[in-house]
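Student:
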Amino acid sequence: MVYQHIASTPGILGGKPCIKGTRISVELILETVADGASVADIVREFPQLSTDAVQEAIRYAINTLRSERIIDVDLAA
């Protein structure tokens, strides 16, 4: 899959996937969603981001999880 808005560049945030042209990581987008923010909230908080870029960051994370080995988690903890 080709991503228009996601880049991973050595030397920028340790190579973490980010929104192109920013230092806003996919990880930060997901943390913000986990804290209850909507895509619209994120675009308001980071006006340099488009709705498409935020949605693509979420899709990138979903696709990465689908293709990676899932770590066994102790749900009782």
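First residue of the sequence shown: 7, per my numbering; consecutive thereafter. A virtual CB, placed ideally from N, CA and C, is assigned to each residue, including glycine. Because the structure is a prediction, the values reported are computed rather than measured.
Return the bridge partner residues of residue 25 from the DSSP annotation.
Tutor: 12, per the DSSP bridge assignment.
Student: Under the rule that 16 or more other beta-carbon atoms within 10 Å means buried, what is residue 16, buried or exposed?
Tutor: By the 10 Å Cβ count, residue 16 comes out exposed.
Student: Please classify residue 55 as buried or exposed, where buried requires at least 16 neighbouring CB atoms within 10 angstroms.
Tutor: Result: buried.
Student: Please return the same chain residues whose Cβ sits closer than 8 Å to the Cβ of residue 69, not counting the five positions on each side in sequence.
Tutor: The residues are 7.
Student: Go to residue 62, then tell me how far its alpha helix (DSSP H) extends in each direction, as first and last residue.
Tutor: Where residue 62 is concerned, the enclosing alpha helix (DSSP H) stretches over 57 to 73.
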